[in-house]
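Enquirer: Okay, handing you the structure first.
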Amino acid sequence: MKPSVAQEIRLLREDESCSDLLLDVLDYIEDKMLRMNPNKRAKSQQIVEFFEKLAQLCKRDPSYGIGLCGQCKLRPHDSYAER
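Going by UniProt numbering, the first residue of the sequence shown is number 1, and it counts up by one from there.
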């Protein structure tokens, strides 16, 4: 990953208005989409399913999309965390 991309992701994570939703999206992008090997990148259907899951979480708990509770719904126990 380019240093400038890593820096932007870090700045977004550190922003005081960053929500649990955004943290989970940033993790997914970093872990599943920004891969050197195209075969290890998330496929379009996987990405759609991920965002559908996030939409369901937001419907069940609206604060997930607007706040930071410190206990993100999809990290690190979820299968999306492939480090």
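Where is the CB? At the ideal position from N, CA and C, for every residue including glycine.
Could you give the first and the last residue of the continuous alpha helix (DSSP H) run that contains Gly65?
Expert: As a first step, residue 65 is located in the sequence shown; it is residue number 65 there, counting from the start. Annotation: the continuous alpha helix (DSSP H) that includes Gly65 extends over 63-66.
Enquirer: Please tell me whether Leu23 and Arg13 are closer than 8 Å, where the distance is taken between their beta carbons.
Expert: For the purposes of this step, residue 23 is identified with residue 23 of the sequence shown, where counting begins at 1. For the purposes of this step, residue 13 is identified with residue 13 of the sequence shown, where counting begins at 1. In this structure, Arg13 lies closer than 8 Å to Leu23 by Cβ.
Enquirer: Does the separation of the CB atoms of Ile9 and Leu26 fall below 8 Å?
Expert: Counting from one through the sequence shown, the residue named residue 9 turns up at place 9. Counting from one through the sequence shown, the residue named residue 26 turns up at place 26. It is a contact, given that the beta carbons lie within the stated cut-off.
Enquirer: Would you please state the rounded distance, in angstroms, between the beta carbons of Cys58 and Gly65? I believe it to be under 8 Å.
Expert: The residue you call residue 58 lines up with position 58 of the sequence shown. The residue you call residue 65 lines up with position 65 of the sequence shown. Yes, they are in contact, since the Cβ atoms of Cys58 and Gly65 sit about 4 Å apart, within 8 Å.
Enquirer: With distances taken Cα to Cα, identify the nearest neighbour of Tyr28 among Lys53, Pro62, Ser63, Cys69.
Expert: Numbered from its first residue, the sequence shown carries residue 28 at position 28. Ranking Lys53, Pro62, Ser63, Cys69 by Cα distance to Tyr28 puts Lys53 first.
Enquirer: Where does the unbroken alpha helix (DSSP H) through Ile9 begin, and where does it stop?
Expert: For this step, residue 9 is matched to residue 9 along the sequence shown. Here the alpha helix (DSSP H) through Ile9 covers 3-14.
Enquirer: Return helix, strand or coil for Arg41, following the three-state DSSP convention.
Expert: For the purposes of this step, residue 41 is taken as residue 41 along the sequence shown, with counting starting at 1. Coil, per DSSP.
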